[in-house]
C-alpha cells in the first residue's frame with residue numbers, strides 16, 4: 003500500500019512517563035502528528051500581502067463577490083444566460099471600481115492642488 007505508515011516512524015514513538023490525562027492528551031497529539039507527517043510532509047504556503055488601496059469600498063467588495071458568484075454559476079452550467087449575467091456583473095464591478103478610483107484621485111488632486119510636492123510624490127508612487 004503506498005500510504006502505509008513507515009515502521010521506522012512507529013518504532014520511534016515513546017509512551018513512557020504518561021501519568022495524567024493532560025500528559026496522555028499531549029502524547030496522543032504528538033504521536034498522531036508524527037505518524038501523519040511521516041508519509042505526508044507538512045507543506046508551507048507563501049501568501050502575498052498587498053497594500054489596501056484607499057478607494058476600495060464595501061460596494062466594490064460586494065460587486066466583486068456578485069461577479070465571482072455569477073462566474074462560478076456560468077462555468078458550472080455553461081449556459082448563455084449565465085454568461086450574460088457574468089458579463090453584466092463584470093461590467094458593473096469594473097464600472098464601480100473605475101468610478102471610485104476617478105473620484106478618489108480627483109478629490110486628492112483638488113485637496114492638494116497647492117502642495118506640488120505631495121502631488122508629484124503621489125504620481126511617483128503610481129508610476130513605480
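In this note's numbering, the protein residues as written are 3 to 130. We treat Cβ as the ideally placed atom computed from N, Cα and C, and that holds for glycine.
Between residue i and residue j, which are expected to be in contact by the criterion C-beta below 8 Å, what is the C-beta distance as a whole number of angstroms?
i: residue 102; j: residue 59; result: 6 Å
Kindly examine the ligand SAM and report whether one of its heavy atoms sits closer than 7 Å to the Cβ of residue i.
i: residue 76; result: Here there are no bound small molecules, and the ligand SAM is not part of this structure.
Give the straight-line distance between the Cα atoms of residue i and residue j, rounded to the nearest whole angstrom.
i: residue 123; j: residue 52; result: 20 Å
i: residue 80; j: residue 29; result: 51 Å
i: residue 32; j: residue 39; result: 10 Å
i: residue 118; j: residue 48; result: 39 Å
i: residue 127; j: residue 70; result: 30 Å
i: residue 108; j: residue 37; result: 60 Å
i: residue 130; j: residue 120; result: 16 Å
To which residues of the same chain is residue i closer than 6 Å at the C-beta, ignoring the five residues directly before and after it?
i: residue 85; result: 76
i: residue 68; result: 91
i: residue 88; result: 72, 73 and 76
Please go through the same chain and pick out, in chain order, the residues whose beta-carbon is closer than 8 Å to the beta-carbon of residue i, but skip the five residues on each side of it.
i: residue 62; result: 95, 98, 99 and 102
i: residue 54; result: none
i: residue 56; result: 106
Between which residues of its own chain and residue i is the CB-CB distance below 7 Å, once the five residues before and five after are set aside?
i: residue 65; result: 94, 95 and 98
i: residue 34; result: none
Original post:
Are the region 71 to 85 and the region 27 to 47 touching by the rule of at least three beta carbon pairs closer than 8 Å?
Top reply: no
Subject >> Inter-stretch contact at 8 Å, needing at least 3 Cβ pairs: the region 112 to 130 / the region 82 to 96 >> reply: no
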